[in-house]
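Residue numbers (the working numbering), protein chains in the order written: chain A, 1 to 176; chain B, 1001 to 1284.
Every residue gets a Cβ at the ideal spot worked out from N, C-alpha and C, and that includes glycine.
Keep in mind the model is a prediction, meaning the values are calculated, not measured.
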Amino acid sequence: MAVNLKTPLGEDILNLKAGDIVYLSGTIFTARDLAHRRMIKLSKRELPFDPSGAVIYHCGPIIKEIPGGYEVISAGPTTSARMNTYLEDVLSMGIKGIIGKGGMDPEPFKKYGAVYFAFTGGAGALAARSIKRVLGVQWLDLGIPEALWLFEVENFPLVVAIDSRGNSLYKQGKYF
Amino acid sequence: MKIEDYIIEAIRLAVTKLPDDTVSALKRAYKEEEKPIAKLQLENILKTIDLGGKYSLPLCQDTGTLTFFVEAGVSSPYLKDIKEVLIDATKRATKEIPLRPNTVDVLTNRNSGDNTGRFIPIIHWELVGGDKVRIAIMPKGGGSENCSALAMLTPGQGFEGVKRFVIEHVKQCGGKPCPPVILGIGIGGGSDFALKLAKKALLRPLGMRHEDERIAKLEEDILGEVNSLGIGPMGLGGKTTALDVKIEYAHRHPASFPVGLVVQCWANRRAFVEISEGGVRVWQ
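Shown next, in the form of C-alpha cells:
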C-alpha cells in the first residue's frame, strides 16, 4: 500500500503496516549520536522544536552555505542502530516517526505507537531531491554532521520497516 | 594543473561516480531481485548513481575518512612533497566538492571542519623501486567501517574457520553496512596486517578472482553462502547481500591464523592517481 503522510504525524500511523510505502511531506529534523545525547538531557519545553508527532531523521548531511542560508547537497540516512540507546527516551517525548537505515529495536515502537521508516542508505543525492528547503539549524557547535537541521520535505519516499505493532522487515530474513 | 588539483579531481571522481564494475554488478542485482522492496532499494541506488554523474554530487553524504595507499617510487622527484599535497588536497576538496567534514577530536568531540586532524587523512606508505608514485584513494564511510572485525583463529580452524567467522559476522551486521556489500578479507601476517590486507583487497575490481585458485574458490564459496542468508539490499530482505568477496593473504606465524574482515558498502568509492615523468593520470 502507498500512503501520503504529513507532519506532525497523527493517529493514522497506527494503521501503517511493515512493507507499506509512505510519501512524507512537511518538517523533519536531523539528529545523530551527539544531538540525541543533548536532547534527552532537556525537558520537553527546552527542546528547540515541538516533539509531539514529530519525525526525526537519522542523518548527517553535506550542507553548503549559500547567501542567506544553506543548500543540501547530499543527505541520506545514517545507521540507526547506534541510536537504540536513546530510543525509549525520544519516543517518550512524543516523537512518532524515525527515518533511518538498517533498523532498530522494534519493541519501543510498539510500546509508544511509533513507526520506523527506512530510506536507502548511501542514496544521499537522491534523498536531497525530496528536501525542498533548510528551515533552520540548531546546535551547530556539534559540527555540521551532528547538528540539528530542520528540513522541509516533499513526498520523501519511505518504506515502513517497523510498524506500531512492532512488526519489523528486518526480522523476516533468515539471518536472525 | 598542480598535482594537488589532480588529487582533488580524483577525490571528486571517487565520491560522485562509481567504478563501472560496481555499477554493472548493481544493475545485475536489480534484474535478479524479485521482491518489490529489494528492487526499490536497488532502484534508488541506481537513481542516485545517475544523479551523482549528472550533477557531480557526492552519492552518499558520508564521504568517509580519506584513506590514501601510496606506492612511492624511491627515485620520484615528487616524493618529498606528497604528504603535504595529500593533506592540502583533502582540505581543499572538503570545501570545493564539497565533502562532509568527518574528522572529530577523540578528546573534545570537536569536528575540525576540514577532514584533517591527528594522523588524518590516513596515509599508508609503501616504498617501491622506480620514479613513479601511485596513489589509491578510498573515501570509506563509517557505517560499513563500523562492521570491520578481526578473528585470531587457531591454525586448526583453517579455511573452514574463516568461512564461519565471516558468515556469522555478516549475519550480525544485517542491514547496518548498507548491503549489497563487498567483503575484503585478509588472512595471515598478524592482527594489524590482516586488516590492512583486507582493506587493500577492496581495491581490486569486482568479478576479478584471486590468481591462486584455492583462494579464488574460498572467495566464491563465501560469496555464495553470504547471498543465501536473505539479508538483501539494506537488510530489508532479498537475494543480494554481497556483490563480491576479495581475499588477500600473507604467510602466518606457526601459532596464529589471523583473519581481518573489512566491509565496503555498495557505494564502493575508489580512484587512482599515477604521477610520473610523463605527467599525471587519474582513473578508477
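Proximal chain B residues relative to residue i, where beta-carbon distance stays under 8 angstroms
i: residue 75 of chain A; result: 1061
i: residue 148 of chain A; result: What residue 148 of chain A touches in chain B: nothing, since even the nearest Cβ is about 15 angstroms away.
i: residue 5 of chain A; result: In chain order: nothing, as chain B lies at least about 17 angstroms away.
Contacting residues, own chain, Cβ-Cβ under 8 angstroms from residue i (five flanking each side not counted)
i: residue 103 of chain A; result: 80, 81, 116, 118, 161, 162, 168, 169, 170
i: residue 1061 of chain B; result: 1100
i: residue 173 of chain A; result: Low confidence applies to residue 173 of chain A: its pLDDT is 47, below 50, so where it sits in the model is not reliable, and the reading given next is rough at best. Answer for residue 173 of chain A: no residue qualifies.
i: residue 1191 of chain B; result: 1150, 1152, 1258, 1260
i: residue 110 of chain A; result: 164, 165, 166
i: residue 33 of chain A; result: 82, 83, 146
i: residue 47 of chain A; result: 39, 93
i: residue 155 of chain A; result: 4, 23, 24, 25, 130
Under 9 angstroms by beta carbon: chain A residues contacting residue i
i: residue 1065 of chain B; result: In chain order: nothing, as chain A lies at least about 13 angstroms away.
i: residue 1057 of chain B; result: 62, 73, 74, 124, 125, 128
Sequence-distant residues of the same chain with beta carbon closer than 6 angstroms to residue i, five excluded per side
i: residue 1260 of chain B; result: 1150, 1186, 1194, 1195, 1198
i: residue 4 of chain A; result: 23
i: residue 133 of chain A; result: 152
i: residue 1216 of chain B; result: 1209, 1210
i: residue 1276 of chain B; result: 1132
i: residue 98 of chain A; result: 56, 116
i: residue 70 of chain A; result: 63, 134
i: residue 1053 of chain B; result: 1017
i: residue 1335 of chain B; result: A question about residue 1335 of chain B goes unanswered here, because the residues of chain B that appear run from 1001 up to 1284.
i: residue 1039 of chain B; result: 1033
i: residue 1135 of chain B; result: 1068, 1070, 1273
i: residue 136 of chain A; result: 150
Nearest-angstrom Cβ-Cβ length linking residue i and residue j, presumed shorter than 8 angstroms
i: residue 124 of chain A; j: residue 1058 of chain B; result: 7 angstroms
i: residue 1144 of chain B; j: residue 1263 of chain B; result: 5 angstroms
i: residue 31 of chain A; j: residue 56 of chain A; result: 5 angstroms
i: residue 1243 of chain B; j: residue 1167 of chain B; result: That belief does not hold up - the Cβ atoms of residue 1243 of chain B and residue 1167 of chain B are roughly 16 angstroms apart, past 8 angstroms.
i: residue 1188 of chain B; j: residue 1270 of chain B; result: Contact flag wrong, Cβ pair sits at about 24 angstroms.
i: residue 1013 of chain B; j: residue 126 of chain A; result: In fact, because the Cβ distance is near 19 angstroms, the residues do not count as touching under 8 angstroms.
i: residue 121 of chain A; j: residue 1037 of chain B; result: Contact doesn't hold; Cβ gap of about 14 angstroms is too wide.
i: residue 1268 of chain B; j: residue 1018 of chain B; result: 6 angstroms
i: residue 1078 of chain B; j: residue 1133 of chain B; result: 6 angstroms
i: residue 1241 of chain B; j: residue 1032 of chain B; result: Contact doesn't hold; Cβ gap of about 12 angstroms is too wide.
i: residue 139 of chain A; j: residue 148 of chain A; result: 5 angstroms
7 angstroms Cβ shell around residue i - same chain, five flanking residues per side excluded
i: residue 1157 of chain B; result: 1257
i: residue 1009 of chain B; result: 1282
Partner residues on chain B for residue i, Cβ-Cβ distance less than 7 angstroms
i: residue 24 of chain A; result: Those within 7 angstroms of residue 24 of chain A in chain B number zero; the least Cβ separation is about 15 angstroms.
i: residue 81 of chain A; result: 1176
i: residue 42 of chain A; result: Neighbours of residue 42 of chain A on chain B: none; closest Cβ ~18 angstroms, over 7 angstroms.
i: residue 19 of chain A; result: 1037
i: residue 34 of chain A; result: 1109
i: residue 120 of chain A; result: 1041, 1044, 1045, 1234
Listed by chain order, chain A residues near residue i by CB distance under 8 angstroms
i: residue 1104 of chain B; result: 143
i: residue 1052 of chain B; result: 125
i: residue 1093 of chain B; result: Per Cβ cutoff of 8 angstroms: no residues; residue 1093 of chain B is ~12 angstroms from chain A at best.
i: residue 1101 of chain B; result: 143, 144, 145
i: residue 1267 of chain B; result: 122
Under 7 angstroms from the C-beta of residue i: neighbouring residues of chain A
i: residue 1129 of chain B; result: Within 7 angstroms Cβ-Cβ: nothing; residue 1129 of chain B doesn't reach chain A, min ~39 angstroms.
i: residue 1098 of chain B; result: 62, 64, 73
Neighbour list for residue i in chain B, Cβ cutoff strictly below 9 angstroms
i: residue 86 of chain A; result: Within chain B, no residue comes near residue 86 of chain A; the closest Cβ sits about 16 angstroms away, beyond 9 angstroms.
i: residue 78 of chain A; result: 1061, 1062, 1142, 1143
Does the region 86-93 of chain A come close enough to the region 1056-1072 of chain B that 3 or more CB-CB pairs lie under 8 angstroms? With a cut-off of 8 angstroms, the region 86-93 of chain A and the region 1056-1072 of chain B do not count as touching, because too few Cβ pairs lie within range.
Anything in the region 95-118 of chain A with a Cβ closer than 9 angstroms to a Cβ of chain B? List those residues in chain order, please. From the region 95-118 of chain A, only 101, 102, 103, 118 have a Cβ closer than 9 angstroms to chain B.
Inter-stretch contact at 8 angstroms, needing at least 3 Cβ pairs: the region 1224-1242 of chain B / the region 1123-1140 of chain B: Fewer than three beta-carbon pairs drawn from the region 1224-1242 of chain B and the region 1123-1140 of chain B are found closer than 8 angstroms, and the two stretches are therefore not classed as touching.
Is there contact between the region 47-65 of chain A and the region 137-148 of chain A, where contact requires at least three CB pairs shorter than 8 angstroms? Judged by Cβ distances under 8 angstroms, the region 47-65 of chain A makes contact with the region 137-148 of chain A, as three or more pairs qualify.
State whether the region 1103-1113 of chain B contacts the region 1166-1182 of chain B, with contact taken as three or more CB pairs (one from each stretch) at a distance under 8 angstroms. Too few Cβ pairs lie closer than 8 angstroms, so no.
Which residues, in order along the region 54-69 of chain A, keep a beta-carbon less than 9 angstroms from a beta-carbon of chain B? Flagged, chain order: 59, 60, 61, 62, 63, 64.
Within 9 angstroms of chain A by C-beta, residues of the region 1220-1249 of chain B in sequence order: Among the residues of the region 1220-1249 of chain B, those with a Cβ less than 9 angstroms away from any Cβ of chain A are 1228, 1229, 1230, 1231, 1232, 1233, 1234, 1235, 1236, 1237, 1238, 1241, in the order of the chain.
Near-chain A residues of the region 1024-1050 of chain B - C-beta to any C-beta below 8 angstroms: Taking 8 angstroms as the upper bound on Cβ-Cβ separation, chain A lies near residues 1037, 1040, 1041, 1044, 1045, 1047, 1048 of the region 1024-1050 of chain B.
Can you pull out the residues from the region 152-163 of chain A whose beta carbon lies closer than 7 angstroms to at least one beta carbon of chain B? For the region 152-163 of chain A, which is checked against every Cβ of chain B, the residues closer than 7 angstroms are 159, 161.
Quick check: the region 1088-1099 of chain B against the region 1042-1051 of chain B, are there 3 or more CB pairs under 8 angstroms? With the rule of 3 Cβ pairs closer than 8 angstroms, the region 1088-1099 of chain B does not count as touching the region 1042-1051 of chain B.
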